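Asker: As numbered in my numbering, residues 1 to 97 make up the sequence shown, in order. Where is the CB? At the ideal position from N, CA and C, for every residue including glycine. If you're wondering where the values come from, they're calculated on a predicted model, not measured in any experiment.
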Amino acid sequence: MGTKKQRGYPIKEKLAAVDLVERIGLTAAVEKLGHPHGTVHGWWVGRATVRVYEGNKLDKTTKGQGRMIAFIQENYPDWIEAYAENKKSDPKTRAQS
1 MGTKKQRGYP IKEKLAAVDL VERIGLTAAV EKLGHPHGTV HGWWVGRATV RVYEGNKLDK
61 TTKGQGRMIA FIQENYPDWI EAYAENKKSD PKTRAQS
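#1: Looking at the structure shown, is E22 part of a helix, part of a strand, or coil, going by DSSP?
#2: Near A82, which residues of its chain fall below 7 Å by C-beta distance, leaving aside the five closest residues on each side in sequence?
#3: Which two residues bound the contiguous alpha helix (DSSP H) that contains Y83?
#4: So, is the C-beta of A48 closer than 9 Å to a C-beta in chain B?
#5: Look at the alpha carbon of V18 and the alpha carbon of N75, and state the distance between them as a whole number of angstroms.
#6: I need the boundaries of the alpha helix (DSSP H) containing G42, first residue and last residue.
#7: In angstroms, rounded to a whole number, what distance separates the CA positions of Y9 and H41?
Here it is, written out as structure tokens:
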């Protein structure tokens, strides 16, 4: 038994599907689009993220937040400062003199 290749759909197509679900309902939209129910339902549940995406509408994903450390430094500067002050270094990683 083979496995199916995971599909990626452009943001533009996801937006069109979400609009269709709003107009005719989930079940009817699934039948009209021909996509799996779970796929269209997932787009419906995540519609807020898809709608606010400002990148290229032909992208397949809304991308991540970028590198985690940059995200933490930008959004949680107090936490990272407190973490760095309280962190104890591991003796194995200390430089040998």
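Answerer: Reading from the atomic positions:
#1: helix
#2: none
#3: 77 to 86
#4: Looking for chain B here will not work: only one protein chain is present.
#5: 30 Å
#6: 37 to 45
#7: 14 Å
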